[in-house]
Amino acid sequence: MKRSIIIAIGCFLLTACTGKAPPPSVCDIAASAAPLCRKERSSERISEAVSFTFFVDATDSMRGYVLPGAGTSAYQEMLRTLQDAVTQFNQFSDRTYKFGNQAPVPVERRLHVAASSADFYRDVGGYTQVETVLNDRFAPPAANRLTVVITDLFQKDTDVTGLTRRLKTRYFAKGLAVGVVGIKSAFLGRVYDLDSRGSTSDVRGSRPVYALVVGTYANVAHYFDALKKGSTALGRDGRFVIFTGQPFESRPDFFAGNPLLSERGGGLKSMGFLSGEPTYWFRLREATQSVGFKVCAAGRYRPYVVPFNAGGNWQSSVRLVDAEGRSRLLSLPRPVAVQSDPEACAPGNTEGLGFAVSLDVDGLREPGNYLYVLEYVPTLRNDPDWWDAWNTDDAVTQPLRTLRLRQFLRGLEATALATDRNQAVVMQFYVQK
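If you read the sequence shown in this note's numbering, its first letter stands for residue 82, the second for the next number, and so on.
Okay, structure coming up:
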């Protein structure tokens with residue numbers, strides 16, 4: 082009697098007593114088309130020994146951050162903290178250069194001491210070109226290196242796209258991250274809008290200055306922690322963000338909790354995960370045109386990463402997989418519609434990504450196993466306030482703001498996510514008809 086009950090339960094769990102077996106393993110027969118079957122990159126660790134290279138923009142516009150007799154400015158405090166924080170790594174070495182659009186010039190004295198003199202800001206060329214230092218000679222893309230570039234981000238010909246392209250091909254494409262630290266500092270000097278004309282009079286006020294930090298995410302985040310602890314001013318007034326193609330601690334799981342099935346149509350039955358792999362599956366219980374469900378992606382953002390907007394774009398594919406594991410890509414007019422739905426997540430869950438998924442199953446003409454792969458192309462939830470507050474598109478009339486800052490930071494975000502797809506945000510599931 083007991084054995085009969087056990088067999089009946091097993092029948093229900095595996096085949097719902099219909100005689101149909103679960104779909105075949107996706108990772109065995111269609112791994113190339115199923116991103117969740119790819120091995121996730123192992124978590125990075127903070128490097129035991131790190132080589133630092135500092136590059137200080139020494140063009141004319143930067144001289145205004147040095148105010149003789151005015152005490153230690155936020156700019157000088159940032160320079161001191163940037164160099165002091167290297168001691169938070171077990172082993173370290175550091176070198177300093179100044180640059181403009183010519184070959185970087187070595188600096189022998191400590192960073193904040195050398196750059197506190199107005200005479201420091203000369204002999205590097207007339208304009209800023211950060212790409213000058215982002216090459217194999219000065220800043221090779223290595224896991225045990227951190228490159229720190231201090232600048233006001235006024236690029237040659239006001240072009241921020243050239244710098245973004247260089248960061249993409251040399252660093253993002255190799256799995257590295259780019260961090261940005263910004264702080265406003267007292268300023269008295271001339272600001273140059275190189276797209277049109279240089280200013281002819283001094284500008285006085287509070288003006289942002291930045292440090293770009295390139296390296297592995299783990300090293301950049303550890304360095305940021307040290308900067309915030311090492312300076313009251315940076316900890317209180319600094320702005321920190323890291324751009325990386327791996328924004329989550331681990332790959333988000335859309336089916337960590339049971340999906341909420343839509344009452345409309347009522348045609349789906351949740352069957353759970355396939356044995357030994359991250360592919361969820363549903364059974365289509367009755368003939369209907371459309372079915373739906375809601376999910377909340379469980380994923381914890383890494384520190385310093387800007388959260389996503391759940392209303393990003395989705396790319397979808399549907400394959401019919403037969404019992405032998407052969408698959409055929411289908412061409413369906415509108416197979417899937419995905420909408421942001423915060424109510425899919427429990428109240429108080431601010432990190433989860435909630436979605437409502439609607440499937441047009443009227444086009445699934447023949448019985449079989451239909452593999453859906455939905456890949457999310459995210460957008461920012463909201464730009465951090467300082468991206469807009471510190472931005473200008475006209476540095477002549479607003480010289481105390483950063484020219485095209487918002488365009489640059491948005492470009493870094495989009496580039497990082499598009500370049501490193503190792504941690505793709507993917508929904509992968511079967512519908513069995």
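Note that CB positions come from ideal geometry on N, CA and C, so glycine has one too.
Which of helix, strand or coil DSSP assigns to residue i
{"i": "W467", "result": "helix"}
{"i": "A130", "result": "strand"}
{"i": "A89", "result": "Confidence is the limiting factor: at A89 the pLDDT is only 39, short of 50, which leaves the residue's position unreliable, though a coordinate-based value still follows. In this structure, A89 counts as helix in the three-state DSSP scheme."}
{"i": "C377", "result": "strand"}
{"i": "N472", "result": "strand"}
{"i": "F136", "result": "strand"}
{"i": "K350", "result": "strand"}
{"i": "D334", "result": "strand"}
{"i": "R247", "result": "helix"}
{"i": "Q236", "result": "strand"}
{"i": "S371", "result": "strand"}
{"i": "T478", "result": "coil"}
{"i": "L490", "result": "helix"}
{"i": "L498", "result": "helix"}
{"i": "L275", "result": "In this prediction, L275 has a pLDDT of 46, which is less than 50 and means its spatial position is unreliable; nothing more can be read from the coordinates."}
For residue i, the residue or residues it bridges with in DSSP
{"i": "V261", "result": "L293, V322"}
{"i": "F253", "result": "None, per the DSSP bridge assignment."}
{"i": "M508", "result": "L455"}
{"i": "N24", "result": "An answer regarding residue 24 cannot be provided, because it is not within the stretch 82 to 514 covered by the chain."}
{"i": "V284", "result": "G270"}
{"i": "F329", "result": "Y382"}
{"i": "V419", "result": "V438"}
{"i": "Y361", "result": "F354, F510"}
{"i": "R317", "result": "DSSP lists no partner for R317."}
{"i": "L401", "result": "R409, Y451"}
{"i": "L341", "result": "K375"}
{"i": "T483", "result": "N472"}
{"i": "I305", "result": "Note on residue identity: the sequence assigns Phe, not Ile, to residue 305. None, per the DSSP bridge assignment."}
Min CB distance residue i to chain D below 9 Å
{"i": "G150", "result": "No chain D appears in this structure, which consists of one protein chain only."}
Backbone CA spacing between residue i and residue j [nearest angstrom]
{"i": "Q396", "j": "R407", "result": "22 Å"}
{"i": "F135", "j": "T228", "result": "6 Å"}
{"i": "Q183", "j": "F133", "result": "21 Å"}
{"i": "V386", "j": "T325", "result": "8 Å"}
{"i": "R485", "j": "G492", "result": "11 Å"}
{"i": "T483", "j": "D474", "result": "8 Å"}
{"i": "G316", "j": "A427", "result": "32 Å"}
{"i": "S198", "j": "S282", "result": "21 Å"}
{"i": "G256", "j": "T297", "result": "7 Å"}
{"i": "R487", "j": "N472", "result": "6 Å"}
{"i": "T209", "j": "L234", "result": "8 Å"}
{"i": "S356", "j": "R218", "result": "50 Å"}
{"i": "V477", "j": "V272", "result": "8 Å"}
{"i": "N300", "j": "V261", "result": "13 Å"}
{"i": "A505", "j": "L160", "result": "37 Å"}
{"i": "D276", "j": "Q236", "result": "Residue confidence is low: D276 scores 48 on pLDDT, short of 50, so the model does not pin down where it sits. No coordinate-derived value is stated."}
{"i": "F374", "j": "K310", "result": "45 Å"}
{"i": "E129", "j": "N216", "result": "24 Å"}
{"i": "D515", "j": "N450", "result": "No answer is possible for residue 515: the residues shown for the chain start at 82 and end at 514."}
{"i": "V442", "j": "L413", "result": "10 Å"}
{"i": "M191", "j": "P221", "result": "For the sequence presented, residue 191 should be read as Arg rather than Met. Near 23 Å, if we compare the C-alpha coordinates of P221 and R191."}
{"i": "K83", "j": "C377", "result": "Its pLDDT being 41, under 50, K83 is placed unreliably in this model, and the value from its coordinates should be taken loosely. Cα to Cα, the separation comes out at about 39 Å."}
{"i": "Q479", "j": "S287", "result": "12 Å"}
{"i": "P448", "j": "D422", "result": "31 Å"}
{"i": "V555", "j": "V417", "result": "The structure shown does not extend to residue 555, since the chain is modelled only from 82 through 514, so no value can be given for it."}
{"i": "V372", "j": "S343", "result": "7 Å"}
{"i": "T313", "j": "K120", "result": "41 Å"}
{"i": "R383", "j": "A497", "result": "14 Å"}
{"i": "S106", "j": "T245", "result": "40 Å"}
{"i": "E158", "j": "L341", "result": "52 Å"}
Cβ distance (whole Å) where residue i is taken to contact residue j below 8 Å
{"i": "Y511", "j": "W362", "result": "4 Å"}
{"i": "V454", "j": "S398", "result": "5 Å"}
{"i": "V205", "j": "A139", "result": "5 Å"}
{"i": "V290", "j": "Y146", "result": "6 Å"}
{"i": "A292", "j": "V230", "result": "7 Å"}
{"i": "G435", "j": "E424", "result": "7 Å"}
{"i": "V295", "j": "V259", "result": "5 Å"}
{"i": "A302", "j": "I323", "result": "6 Å"}
{"i": "F335", "j": "M508", "result": "5 Å"}
{"i": "T431", "j": "K249", "result": "T431 to K249, Cβ: 30 Å. No contact."}
{"i": "E367", "j": "C108", "result": "That pair is no contact at about 30 Å."}
{"i": "G263", "j": "V284", "result": "Their Cβ separation, rounded to whole angstroms, is 18 Å, which puts G263 and V284 out of contact at 8 Å."}
{"i": "V131", "j": "F173", "result": "5 Å"}
Closer than 8 Å: residue i CB and nearest the ligand FAD heavy atom
{"i": "L234", "result": "Within the structure as shown, the ligand FAD is missing, as the structure has no ligands at all."}
Can you give, in chain order, each stretch of the alpha helix (DSSP H) that sits fully within the stretch 168-234 and has at least 4 residues? 192-195
Any chance you could list the beta strand (DSSP E) runs of at least 3 consecutive residues sitting entirely within the stretch 436-463, in chain order? 450-461
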